[in-house]
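For reference, the structure is listed below as structure tokens.
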Amino acid sequence: MSDARPVVVPPGGGHRVGNVEFLARTADTPRFNLGIIEIQAGRELEAHVHREEDDSFYILEGEMTFVVGDETVPAPPGTFVLIPPGIEHGFRNDGDTPVRMLNIHAPAGFDRRIGLED
20 MSDARPVVVP
30 PGGGHRVGNV
40 EFLARTADTP
50 RFNLGIIEIQ
60 AGRELEAHVH
70 REEDDSFYIL
80 EGEMTFVVGD
90 ETVPAPPGTF
100 VLIPPGIEHG
110 FRNDGDTPVR
120 MLNIHAPAGF
130 DRRIGLED
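Residue numbering for the sequence shown follows my numbering, beginning at 20 and increasing consecutively.
Written out as structure tokens, the structure is:
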């Protein structure tokens, strides 16, 4: 029998680091991190690379603009974006309202790198 237990997070009950609410942490599973990220209007995350993990996004509210290499990609609600390891990417909110998006990093570890402690 396994010691594993289900993880149930009520609305707003995740673990926060800045503008990220983690729903699945490295402490919960080594396979992935799942968070909800809110990006305020006018905010930009500069280009960066994750060498060892997939970084994926699903836009819930608002419109995000992704910059992947030399390509600029609009991402309205319902858009899914998958960035494989080693691909430079960034994103920005050019709109007037906050963007809310799901973010999955696989394997896990992203939460710990940005300061979440178990």
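We treat Cβ as the ideally placed atom computed from N, Cα and C, and that holds for glycine. The structure displayed is predicted, hence computed values, not measured ones.
Beta-bridge partners of residue i, as assigned by DSSP
i: F41; result: H34 and G54
i: D74; result: I102 and H124
i: E80; result: R119
i: F110; result: L64 and F85
Chain-order list of residues whose beta-carbon lies under 8 Å from that of residue i (same chain, five-residue window excluded)
i: E65; result: G109
From the options, residue whose alpha carbon lies closest to that of residue i
i: P30; options: R111, H69 and I55; result: I55
i: L121; options: E80, A46, H69 and V68; result: E80
i: D74; options: R62, V36, V87 and E82; result: V87
i: N112; options: D47, H34 and Q59; result: Q59
i: L101; options: F51, H124, D130 and E40; result: H124
Exposed unless 16 or more other CB atoms sit within 10 angstroms - verdict on residue i
i: A23; result: exposed
i: T91; result: exposed
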